[in-house]
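Taken in sequence, the protein lines are chains A and B.
Count the first sequence with this note's numbering and you get residues 13 to 232, in order.
Count the second sequence with this note's numbering and you get residues 72 to 282, in order.
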Amino acid sequence: MIKQAFAICKKDFSSEIRTRYAINALLMFIIVVISIIKFSLGEEKLSSEMNAGILWIIIFFAASNGLSRVFVSEEERGTSLAIKLSAEAKSVLLGKLIFNTSLTFIINFFIIFLYIIITDLKISSIGLFLITIILGNFGLSSVMTIIAALISKASSKGTLYPVLSFPLLLPLLLASISATWLSIEGTAFSGISGELQIMVSYTIVVITASFLLFDLIWND
Amino acid sequence: MEGGEPKIRLTAVNLTKKFDRKIIFENISFELSAGSSLAITGKNGSGKSTLIKTLANVIEKSSGEINFYSDGSEVKKEHYYKHIGFVSPYLNLYDEFTGYENLKIISNIRGINGDNINNVLKKVGLYDRRGDLLKIYSSGMKQRLKIAFSILHNPLILLLDEPTSNLDSEGVRIVDEIANDYKKDRILIIATNDENEKSLCESEVNLDRGD
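Written out as structure tokens, the structure reads:
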């Protein structure tokens with residue numbers, strides 16, 4: 013299963029390098045959003061709470077733009093049948109999850125890097141900030157991957173993706189925003205341990221439910 | 072077969088498929104063992120492709136049973152893909168990769184080594200064009216690659232849905248050769264209305280008659 017999953021993930025990376033189906037759209041989105049924020053803020057400084065909120069809004073919409081491709085492009089191009097005939101459903105989910113998680117890490121670190129530069133954001137507790145982003149990324153990619161599988165067979169995929177994923181992501185987003193804000197302020201680990209526990213448990217529950225439900229979604 | 076037990080056996084019992092309340096096919100039963108072949112026939116919309124996809128376990132049946140035995144033991148549904156080769160008009164491979172790369176990717180996903188790729192490409196007459204991207208392949212060449220995809224892992228059951236569509240006479244001869252080779256010691260099922268494809272099979276299920 014693991015070997016099959018990595019082969020599927022490798023195929024997706026090679027396909028992305030050749031087609032740039034997601035990366036180009038994501039880069040354009042990130043650059044446009046960050047530029048709009050820069051122009052609207054001018055020299056004004058935002059509070060830590062506002063910074064954390066805006067950062068996760070950008071991360072959520074960037075993920076909404078790019079992470080659905082893993083399943084949507086297979087359905088649109090009619091290649092999902094080739095994958096169904098070559099691998100177990102669970103390996104497909106794991107492969108797509110690994111790809112989406114890697115893509116989320118790449119785009120989110122790019123977003124954070126640009127955001128820190130344009131807003132001159134000072135993070136007091138860098139270690140806790142990184143832990144929050146890493147856990148948030150895992151949670152985000154796990155939800156976005158199973159929702160991508162779900163919407164790939166629907167007709168209005170573009171609209172459904174953020175609409176379906178937002179309510180599911182709300183607990184994770186609230187915990188991530190709170191933990192990000194507190195880490196920017198420089199709180200101690202004990203101050204955000206509750207949020208981190210929510211993020212870890214949330215991700216475990218979502219991944220477990222995804223593996224239990226994926227067979228039903230994948231086979232028509 | 073050794074000990075009277077066929078090495079490969081595929082049975083369908085009262086197989087029914089409905090989409091919502093619309094019945095696509097109903098109570099289809101047959102039994103096939105190694106060395107047998109079956110043509111699934113019927114007019115357009117009779118459910119030939121749906122039946123062959125149900126047998127390949129890519130869509131769920133509504134009721135009935137499919138049992139697949141290999142070496143006397145039942146194959147789990149989730150492992151059917153290891154033993155089934157499938158060609159269909161709905162099957163597409165990756166346009167952004169070459170013919171060779173497509174088969175290499177599929178071999179990697181299946182966890183088999185790629186030693187067979189060049190042989191299979193030679194068999195379907197695509198060896199000289201193996202380095203071309205799929206997006207510049209003609210429809211006939213794509214069909215040949217689908218056939219290569221279906222036999223790459225040496226499956227026990229070969230399911231062909233209109234296998235000679237878009238093929239030239241040389242392509243049709245290649246399909247005939249592969250089909251004849253498979254029906255010697257494995258199971259061959261073809262969904263078709265083409266007389267030549269039908270003639271490759273020894274038995275027939277006609278979905279119009281419901282037999």
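C-beta: ideal position from N, C-alpha, C; glycine also.
Kindly examine the ligand ZN and report whether one of its heavy atoms sits closer than 8 Å to the Cβ of residue 150 of chain A.
With respect to the ligand ZN, the structure shown offers nothing to examine, as it has no ligands at all.
Roughly how many angstroms lie between the CA atoms of residue 215 of chain B and residue 165 of chain A, to the nearest whole one?
Here residue 215 of chain B corresponds to residue number 144 of the second sequence, with the count starting at 1. Here residue 165 of chain A corresponds to residue number 153 of the first sequence, with the count starting at 1. Whole-angstrom Cα-Cα distance: 28 Å.
Could you tell me the distance, in whole angstroms, from the CA atom of residue 266 of chain B to the CA atom of residue 170 of chain A?
Your numbering for residue 266 of chain B matches position 195 in the second sequence. Your numbering for residue 170 of chain A matches position 158 in the first sequence. When rounded, the distance between both Cα atoms is 45 Å.
Name the chain B residues whose beta carbon is nearer than 9 Å to that of residue 231 of chain A?
The residue you call residue 231 of chain A lines up with position 219 of the first sequence. Ordered by position in chain B, the residues that pass the 9 Å Cβ test against residue 231 of chain A are 128, 129, 130, 131.
Check distances from the C-beta atoms of the stretch 178-202 of chain B to those of chain A and list, in chain order, the residues that come in under 8 Å.
So the close ones are 179, 180, 181, 182.
Compare the C-beta of residue 261 of chain B against all C-beta atoms of chain A and say whether one is closer than 9 Å.
Position 190 of the second sequence, counting from 1, holds the residue named residue 261 of chain B. No, residue 261 of chain B does not count as interfacial toward chain A.
What does residue 176 of chain B reach in chain A if we use C-beta pairs closer than 7 Å?
By 1-based counting over the second sequence, the position of residue 176 of chain B is 105. Here the neighbours are 23.
Looking at C-alpha atoms only, which residue of A:144, A:180, A:146 is the closest neighbour of residue 158 of chain A?
For the purposes of this step, residue 158 of chain A is identified with residue 146 of the first sequence, where counting begins at 1. Of the candidates A:144, A:180, A:146, A:180 places its Cα closest to the Cα of residue 158 of chain A.
In this structure, does DSSP put residue 262 of chain B in helix, strand or coil?
Reading the second sequence from its first residue, position 191 is the one you call residue 262 of chain B. Looking at residue 262 of chain B - three-state DSSP - the assignment turns out to be strand.
Whose CA, out of B:260, B:169, B:212, lies closest to the CA of residue 119 of chain B?
Looking up residue 119 of chain B in the second sequence gives position 48. Closest by alpha carbon: B:260.
Under 7 Å between beta-carbons, which chain A residues line up against residue 161 of chain B? List them in chain order, please.
The count along the second sequence starts at 1 and reaches residue 161 of chain B at position 90. Simply 90, 93.
Please report whether the beta-carbon of residue 208 of chain B lies at a distance below 9 Å from any beta-carbon of chain A.
Sequence index remark: in the second sequence, residue 208 of chain B carries index 137 (1-based). Not closer than 9 Å to any Cβ of chain A, the Cβ of residue 208 of chain B fails to qualify, so no.
From residue 178 of chain A to residue 156 of chain A, what distance separates their C-alpha atoms?
Translated into the one-based positions of the first sequence, residue 178 of chain A becomes position 166. Translated into the one-based positions of the first sequence, residue 156 of chain A becomes position 144. One C-alpha to the other measures close to 10 Å.
How is the alpha helix (DSSP H) around residue 83 of chain B delimited, first residue to last?
Here residue 83 of chain B corresponds to residue number 12 of the second sequence, with the count starting at 1. Premise fails: residue 83 of chain B lies in the beta strand (DSSP E), 79-90, not in any alpha helix (DSSP H).
Is it buried or exposed for residue 161 of chain B, if we count other Cβ within 10 angstroms and need 16 for buried?
Within the second sequence, residue 161 of chain B is the residue found at index 90, counting from 1. Classification of residue 161 of chain B: exposed, given that the 10 Å Cβ count is below 16.
From residue 104 of chain B to residue 87 of chain B, what does the alpha carbon distance come to, in whole angstroms?
Position 33 of the second sequence, counted from the first residue, corresponds to residue 104 of chain B. Position 16 of the second sequence, counted from the first residue, corresponds to residue 87 of chain B. Going by the C-alpha atoms only, they are around 21 Å apart.
Less than 9 Å between the C-beta atoms of residue 235 of chain B and residue 202 of chain B, yes or no?
Position 164 of the second sequence, counted from the first residue, corresponds to residue 235 of chain B. Position 131 of the second sequence, counted from the first residue, corresponds to residue 202 of chain B. Result no, Cβ atoms of residue 235 of chain B and residue 202 of chain B do not sit closer than 9 Å.
Could you run through the stretch 25-50 of chain A and flag, in chain order, every residue whose CB is less than 8 Å away from some CB of chain B?
26, 27, 30, 31
Between which two residues does the beta strand (DSSP E) harbouring residue 59 of chain B extend?
Not covered by the structure: residue 59 of chain B. The range shown for chain B is 72 to 282.
Output yes if chain A places a C-beta closer than 9 Å to the C-beta of residue 46 of chain B; else output no.
Residue 46 of chain B is absent from the model: chain B starts at 72 and stops at 282.
For a test of the three-state rule: what should DSSP assign to residue 109 of chain B, helix, strand or coil?
Residue numbering aside, residue 109 of chain B sits at position 38 when the second sequence is read from its first letter. Correct three-state label for residue 109 of chain B: strand.
Name the two residues that bound the continuous beta strand (DSSP E) containing residue 96 of chain B.
The count along the second sequence starts at 1 and reaches residue 96 of chain B at position 25. First-last of the beta strand (DSSP E) with residue 96 of chain B: 93-104.
Looking at the strands, I want to know which residues DSSP matches up with residue 144 of chain B.
The residue labelled residue 144 of chain B in the question sits at position 73 within the second sequence. Looking at the DSSP assignment, residue 144 of chain B forms a beta bridge with B:141.
Mind checking if residue 168 of chain B is an interface residue toward chain A, Cβ cutoff 9 Å exclusive?
Taking the first residue of the second sequence as position 1, residue 168 of chain B is located at position 97. Cβ-Cβ to chain A under 9 Å: yes for residue 168 of chain B.
Mind listing, in chain order, the continuous alpha helix (DSSP H) runs of no fewer than 4 residues lying wholly within the stretch 14-82 of chain A?
Listed in chain order, the complete alpha helix (DSSP H) runs (minimum 4 residues) inside the stretch 14-82 of chain A are 14-31, 35-53, 60-78.
Measure from the C-beta of residue 154 of chain B to each C-beta in chain A and report whether the shortest distance is under 9 Å.
Sequence index remark: in the second sequence, residue 154 of chain B carries index 83 (1-based). For residue 154 of chain B, the answer is no, since every Cβ of chain A falls outside 9 Å of its Cβ.
Going by DSSP, which residues form a beta bridge with residue 179 of chain B?
One-based indexing of the second sequence puts residue 179 of chain B at position 108. Bridge partners of residue 179 of chain B: none, in fact.
Do you know offhand how far residue 58 of chain A's Cα is from residue 110 of chain A's?
As a first step, residue 58 of chain A must be located in the first sequence, where it is residue number 46. As a first step, residue 110 of chain A must be located in the first sequence, where it is residue number 98. In a straight line, the C-alpha of residue 58 of chain A is about 35 Å away from that of residue 110 of chain A.
Taking the alpha carbon of residue 180 of chain B as the point to measure from, which residue in A:64, A:108, A:168 has its own alpha carbon closest?
For this step, residue 180 of chain B is matched to residue 109 along the second sequence. When only C-alpha atoms are compared, the closest one is A:108.
In chain order, which continuous runs of the alpha helix (DSSP H) of length 4 or greater are located wholly inside the stretch 233-260 of chain B?
240-256
Under 9 Å Cβ-Cβ, which residues of chain A neighbour residue 149 of chain B?
By one-based count along the second sequence, residue 149 of chain B stands at place 78. Those are 100, 101, 102, 227, listed as they occur along chain A.
Any Cβ of chain A within less than 9 Å of the Cβ of residue 165 of chain B?
On the second sequence, residue 165 of chain B is found 94 positions in, with the first residue counted as 1. Yes - at least one Cβ of chain A is within 9 Å of the one on residue 165 of chain B.
Between residue 153 of chain A and residue 79 of chain A, how many whole angstroms is the CB-CB distance? I'm expecting something under 8 Å.
As a position in the first sequence, residue 153 of chain A is number 141, starting the count at 1. As a position in the first sequence, residue 79 of chain A is number 67, starting the count at 1. Yes, they are in contact, since the Cβ atoms of residue 153 of chain A and residue 79 of chain A sit about 7 Å apart, within 8 Å.
Residue 222 of chain B lies in the beta strand (DSSP E); which residues open and close that run?
Numbered from 1 along the second sequence, position 151 holds the residue referred to as residue 222 of chain B. Careful: residue 222 of chain B lies outside any beta strand (DSSP E), inside the alpha helix (DSSP H) at 210-222.
Spatial neighbours of residue 141 of chain A within its chain, please: C-beta separation below 8 Å, excluding the five flanking residues on both sides.
As a working note, residue 141 of chain A is residue 129 in the first sequence. Here the set comprises 135, 192, 195, 196.
Rounded to whole angstroms, what's the CA-CA distance from residue 201 of chain A to residue 69 of chain A? Just pull it up for me.
Position 189 of the first sequence holds residue 201 of chain A. Position 57 of the first sequence holds residue 69 of chain A. Roughly 24 Å separates the two Cα atoms.
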